[in-house]
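Taking it in order: structure first as C-alpha cells, then the write-up.
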Amino acid sequence: MRKKRKSANRAHPSPVVSVIIPAMNERGTIGRVIREAFRVHPRTEVIAVVNGSRDGTAIVAARAGARIVRLREALGHDVGRSVGARHARGEVLLFCDGDIVISSRKLRTLVNAVLAGCDVALNGYEGPKSGVDVHSVVLAKHALNIALGRGDLGGASLTTIPHAMNRKALETIGAGQLCVPPKAHAIAVLSGLDIRTVPPIDVGRPNPVRRRRARRKDPLETLIVGDHAEAFERLLAALGPRGPYPDGSRLISMVR
Amino acid sequence: MLGRRKKRNKRGRSAARLIFRRRGKRPGRPRTRKRRHARTKRLPAKRTFGGERPGFGLRNAEFWRRSAYEAGLAAGQSAVRDGAAEEARTDAGRRWREWNERHRLHRLSWDLYGEAAEAFVKGYAEATKAKLETYIPLPSEVSVAAIVSVMNEEETLPGLLRQLDRLPLAEKIFVVNGSSDASFSILRSLSDGIVVHYAEALGHDVGRAIGAKLADSDILLFVDGDIVIPAERLVPFIQMVADGYAIALNDITPYLGSFERWDHVTVMKAMLNRLLARPDLKANSLTAVPHAISREAANRIGMRTLAVPPLAQFTAIQLGLKIGTAGSVDVITANKSRRDNTGERNAVGRLIIGDHLEALSAAIAQRGVRLGYADTIRRREWAGGVSA
Numbered sequence: 001m002r003k004k005r006k007s008a009n010r011a012h013p014s015p016v017v018s019v020i021i022p023a024m025n026e027r028g029t030i031g032r033v034i035r036e037a038f039r040v041h042p043r044t045e046v047i048a049v050v051n052g053s054r055d056g057t058a059i060v061a062a063r064a065g066a067r068i069v070r071l072r073e074a075l076g077h078d079v080g081r082s083v084g085a086r087h088a089r090g091e092v093l094l095f096c097d098g099d100i101v102i103s104s105r106k107l108r109t110l111v112n113a114v115l116a117g118c119d120v121a122l123n124g125y126e127g128p129k130s131g132v133d134v135h136s137v138v139l140a141k142h143a144l145n146i147a148l149g150r151g152d153l154g155g156a157s158l159t160t161i162p163h164a165m166n167r168k169a170l171e172t173i174g175a176g177q178l179c180v181p182p183k184a185h186a187i188a189v190l191s192g193l194d195i196r197t198v199p200p201i202d203v204g205r206p207n208p209v210r211r212r213r214a215r216r217k218d219p220l221e222t223l224i225v226g227d228h229a230e231a232f233e234r235l236l237a238a239l240g241p242r243g244p245y246p247d248g249s250r251l252i253s254m255v256r
Numbered sequence: 257m258l259g260r261r262k263k264r265n266k267r268g269r270s271a272a273r274l275i276f277r278r279r280g281k282r283p284g285r286p287r288t289r290k291r292r293h294a295r296t297k298r299l300p301a302k303r304t305f306g307g308e309r310p311g312f313g314l315r316n317a318e319f320w321r322r323s324a325y326e327a328g329l330a331a332g333q334s335a336v337r338d339g340a341a342e343e344a345r346t347d348a349g350r351r352w353r354e355w356n357e358r359h360r361l362h363r364l365s366w367d368l369y370g371e372a373a374e375a376f377v378k379g380y381a382e383a384t385k386a387k388l389e390t391y392i393p394l395p396s397e398v399s400v401a402a403i404v405s406v407m408n409e410e411e412t413l414p415g416l417l418r419q420l421d422r423l424p425l426a427e428k429i430f431v432v433n434g435s436s437d438a439s440f441s442i443l444r445s446l447s448d449g450i451v452v453h454y455a456e457a458l459g460h461d462v463g464r465a466i467g468a469k470l471a472d473s474d475i476l477l478f479v480d481g482d483i484v485i486p487a488e489r490l491v492p493f494i495q496m497v498a499d500g501y502a503i504a505l506n507d508i509t510p511y512l513g514s515f516e517r518w519d520h521v522t523v524m525k526a527m528l529n530r531l532l533a534r535p536d537l538k539a540n541s542l543t544a545v546p547h548a549i550s551r552e553a554a555n556r557i558g559m560r561t562l563a564v565p566p567l568a569q570f571t572a573i574q575l576g577l578k579i580g581t582a583g584s585v586d587v588i589t590a591n592k593s594r595r596d597n598t599g600e601r602n603a604v605g606r607l608i609i610g611d612h613l614e615a616l617s618a619a620i621a622q623r624g625v626r627l628g629y630a631d632t633i634r635r636r637e638w639a640g641g642v643s644a
C-alpha cells in the first residue's frame, strides 16, 4: 500500500511564480501535477482551484502542498483560471490543468520566457493539423490569430494550456476575462502585449477533450466556438468591421 | 458492436429498396424475401435488367456514347423530316432533353452527361448537316447569363470565350475594368456578348455585381476572366440552381490538401462557415468561381452585397437560402502562381480576409455576441467583471 505522507512542498512566502491549477474531480492526476508545478522555480506557490469536486481532489491537492481555493459548485469551463489568478501573488502566473501531468522541464520553458522579458508565453502546440476535416477548435484558434493580424502565432492561443504571463499582462487583460480564453487572447494581442510561443508541449493526447471528441457531439466544441465568436466581436468592436485589414478601395458606388 | 451491425442492416435495406424501385415490380415474390435477397447479394455486377430501357449503373461510358450518338442521329433525321423551324442549337437542345429525361444521365455522373451530350450533338449535326461543333446542351430549359469580370486577361480570354460559346447562354456579360491590355478589343471582336468597359479598376468583385445587375436571365453563372473552365464542368452549377438551389458553389475541398497547408484566406473561409453553423460548406464560398446564383436569390441578397462575396454568403445563409456545392473545379492550382495572389501577406489575400471579417461583423450584429452558441454551464459571476 502506498504511504500517504505529506509533501515537503509548500507555498513560498514571497513567490515569484504562481501556478494556477483548476481542478474538478481530478484526484488521480492532481498530486503529480502539483509536484511538477513546484519544480518550475525555487520560489513557487501552487494554487489549486478545486470546484465541484466530490472525489477528495482538495485533500490530495492540500497534501501535495498546494494552496486550496475551494468552491462547492462546479464553476464551468475555465472560470477557475479567473478565480485562481485573483489569489496569485507571484510576478509570473503559470496556468495549468488538473487533468494533465506536464513535466516541470517543459513548464519551465514558459516561465523562463516570461522571466526573460515577454509578457505572455504560449504553448506552441496547435492541435492535430493533418487532414482536411480540421477540428473546430484548431480552426478557430488559427482564424482568430489571422483576424488579429498575428497569423505568425499559428494556432497558439491562451485557449491552450499551459501558458504563462506576467502581472502586467494579467492587469491589462483583467483576471475576470481569463474565463473566456479566446477573448482574453484577443485582448492580449489588441493591447500590444509582447506575446511569444515556446516549443510545442503536446497536450492533445493526454487531454480528455480528445477522448470525448471521439464520441459524436462534443459540447465543449460549441462552447469554444462561441468563445471565439466573442473574441471576434471584441476585435471587431475595437478595430472596426474589417479588423486590421484594408477594404481595397472598392468602387461599390458604381453598382447602381 | 451491436449498434454498428444494426446500422449496416438499415443501410442495406434502404439501398435494396432503391434498387427495387428502379427495377419495378416483380410479381410473385413476397416483399420480405426480396429484401433479404437483395441484402445478401447487394453489389454483384448483375445490375442491368431487361426491357427497352437501358439499365442504370454499370453500363459503361462507351455504351452511353453510342446510345446517345444513335439517338442524336435519329433526332436529327426526324428534325430534317419535320423541317424544324427552330434554330439548330435550340432544336438539338430540346431533343436532347427529351432523350435525357428518360435516362437522367446528369443524375448518374456529370462526366457521363458531358460525353453523352457531345455524342448526341455529333449525331444530330451529322443528320442535319448543321454546324454545332462541340455544343453542350443543358439538362433543363433555363435562361442563363454568364458574368465574367475581366482585368488584363488577354491571354486566357480566347480560350474562355470558346468554352462559353459551347453552352446555350442567353446572355454573356463581360465587365472589363482597369485593363491596359487587349482584353477589350478581343472581346469586341470575338464575342457576341455584352461588354461593359470601365477605364478604372473597380476593385475586387465589383464587376460581378455590375454584371449581375445588368443580367436578365433566371440563372447567373459567375466566372473569372483569368481561368478557362471546360463548358461541361460549368453545367452542374447551372443545373443545381435549375433544381431549386439558390446558390451552387464550387467545392474546392479536394484541392486544398491537409489543414497545415491552408493559406490564411482558406482558414477564414472555413471559419466563417463554421461560425455560421454551416460546417458542411467547409471552405467553399462565393469568393471562389465558378458559382451560380438564381436571379431571385441575387435580388434578395442585393447587388451591392454581391460585391463583397463573404458578406453575400452570410446574407444568403441568414435569409435561409438553399446553398450547396455543385461541382469541383480546380481554381487553386491555376491561381496560386498569379502575381498578387502569392504570399501570405499579398494585397488580394488581405482584402479577402477583411471581407470575411466584415461578414462576421454583420453576423454578430444580427445574431448576437456569441452568434447563438450558448454558454450555459459557465458560472461567469464567479470570474467577476465579464458578461457575454
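Line order of the protein sequences matches chains A and B. So the first sequence is residues 1 to 256, counted in this note's numbering. So the second sequence is residues 257 to 644, counted in this note's numbering. Every residue, glycine too, gets a C-beta built ideally from N, C-alpha and C.
Neighbour list for residue i in chain A, Cβ cutoff strictly below 8 Å
{"i": "M524 (chain B)", "result": "A143, I146, A147"}
{"i": "T509 (chain B)", "result": "V132"}
{"i": "V625 (chain B)", "result": "A229, E230, E233"}
{"i": "S646 (chain B)", "result": "For chain B, the structure presents residues 257 to 644; residue 646 (chain B) sits outside this window and is missing."}
Interface residues of chain B facing residue i [CB-CB closer than 7 Å]
{"i": "V255 (chain A)", "result": "V462, A465, I466, K469, M559, R560, A563"}
{"i": "C179 (chain A)", "result": "R634, R636, A639, V642"}
{"i": "I252 (chain A)", "result": "V462, R560, A563"}
{"i": "S14 (chain A)", "result": "Within chain B, no residue comes near S14 (chain A); the closest Cβ sits about 25 Å away, beyond 7 Å."}
Neighbour-count burial assignment, residue i, 16 or more Cβ in a 10 Å radius
{"i": "G280 (chain B)", "result": "Any reading at G280 (chain B) must be qualified, since the residue scores a pLDDT of 46, below 50, and its modelled position is unreliable; no value is offered."}
{"i": "E126 (chain A)", "result": "buried"}
{"i": "P13 (chain A)", "result": "exposed"}
{"i": "L575 (chain B)", "result": "exposed"}
{"i": "S82 (chain A)", "result": "buried"}
{"i": "S249 (chain A)", "result": "exposed"}
{"i": "A433 (chain B)", "result": "Reading off the sequence shown, one finds Asn at residue 433 (chain B), where the question assumed Ala. The residue is buried, with at least 16 neighbouring Cβ atoms inside 10 Å."}
{"i": "E73 (chain A)", "result": "exposed"}
{"i": "I633 (chain B)", "result": "exposed"}
{"i": "G599 (chain B)", "result": "Unreliable placement is indicated for G599 (chain B), whose pLDDT of 47 sits below 50; the coordinate value is still reported in the next sentence. So G599 (chain B) ends up on the exposed side."}
{"i": "T384 (chain B)", "result": "buried"}
{"i": "V336 (chain B)", "result": "exposed"}
{"i": "P199 (chain A)", "result": "exposed"}
{"i": "T589 (chain B)", "result": "exposed"}
{"i": "A621 (chain B)", "result": "exposed"}
{"i": "R626 (chain B)", "result": "buried"}
{"i": "P510 (chain B)", "result": "exposed"}
Within chain B, partners of residue i - CB distance below 8 Å
{"i": "F232 (chain A)", "result": "L531, L613, L616, I620"}
{"i": "A48 (chain A)", "result": "By Cβ distance, chain B contributes nothing, its closest Cβ being about 16 Å from A48 (chain A), past 8 Å."}
{"i": "L193 (chain A)", "result": "Going along chain B, no residue has its Cβ under 8 Å from L193 (chain A), so there is no contact; the nearest lies around 18 Å."}
{"i": "L236 (chain A)", "result": "L613, L616, S617, I620"}
Closest by C-alpha distance to residue i, when choosing among the options
{"i": "D631 (chain B)", "options": "A:G240, A:V79, A:N51, A:V50", "result": "A:V79"}
{"i": "D227 (chain A)", "options": "A:A116, A:H185, A:C118, A:V92", "result": "A:H185"}
{"i": "I450 (chain B)", "options": "B:A438, B:K428, B:D461", "result": "B:K428"}
{"i": "A572 (chain B)", "options": "B:A554, B:G379, B:R560", "result": "B:A554"}
{"i": "K141 (chain A)", "options": "A:V132, A:T160, A:H41", "result": "A:T160"}
{"i": "E637 (chain B)", "options": "A:V60, A:C179, A:L251, A:T222", "result": "A:C179"}
{"i": "D297 (chain A)", "options": "A:I201, A:R242, A:H135", "result": "This structure gives no information on residue 297 (chain A), because the portion of chain A shown stretches from 1 to 256."}
{"i": "L505 (chain B)", "options": "B:H520, B:A544, B:A526, B:D480", "result": "B:A544"}
{"i": "P181 (chain A)", "options": "A:G204, A:L223, A:K6", "result": "A:L223"}
{"i": "A563 (chain B)", "options": "B:Y454, B:G467, B:L528, B:T589", "result": "B:G467"}
{"i": "R86 (chain A)", "options": "A:R43, A:D119, A:I21, A:S157", "result": "A:I21"}
{"i": "R530 (chain B)", "options": "A:V138, A:A62, A:I59", "result": "A:V138"}
Residues that residue i contacts on chain A, provided the C-beta gap is smaller than 7 Å
{"i": "I633 (chain B)", "result": "G76, H77"}
{"i": "R606 (chain B)", "result": "Y245, P246"}
{"i": "S441 (chain B)", "result": "Under the 7 Å cutoff, chain A gives no residues; its nearest Cβ is about 22 Å from S441 (chain B)."}
{"i": "L505 (chain B)", "result": "Those within 7 Å of L505 (chain B) in chain A number zero; the least Cβ separation is about 16 Å."}
Where residue i meets chain A, residues with beta-carbon distance less than 9 Å
{"i": "S541 (chain B)", "result": "The contacting residues do not exist; S541 (chain B) stays about 14 Å from chain A at best."}
{"i": "S514 (chain B)", "result": "K129, S130, G131, V132, V134"}
Three or more C-beta pairs below 8 Å linking the segment 138 to 153 of chain A and the segment 49 to 56 of chain A: no
4-residue-minimum alpha helix (DSSP H) runs that sit fully inside the segment 423 to 468 of chain B, ordered along the chain: 439 to 446
Given 8 Å, three or more beta-carbon pairs between the segment 461 to 468 of chain B and the segment 338 to 347 of chain B: no
Cβ pair count under 8 Å reaching 3, the segment 441 to 455 of chain B against the segment 400 to 415 of chain B: Touching, yes.
Every unbroken beta strand (DSSP E) inside the segment 347 to 406 of chain B [3 residues or more]: 400 to 406
Beta strand (DSSP E) segments (min. 3 residues) lying fully within the segment 454 to 534 of chain B: 475 to 480, 503 to 506
Completely contained alpha helix (DSSP H) runs for the segment 118 to 145 of chain A, where each covers 4 or more residues: none
Validate contact between the segment 609 to 618 of chain B and the segment 549 to 559 of chain B using beta carbons, cut 8 Å, 3 pairs: no
Complete beta strand (DSSP E) runs within the segment 40 to 84 of chain A (minimum length 3 residues, chain order): 44 to 51, 67 to 71
Segment contact, 8 Å Cβ cut-off, at least three pairs: the segment 352 to 363 of chain B with the segment 392 to 402 of chain B: yes
Unbroken stretches of the alpha helix (DSSP H), 4 residues or longer, contained in the segment 143 to 197 of chain A: 167 to 173, 181 to 190
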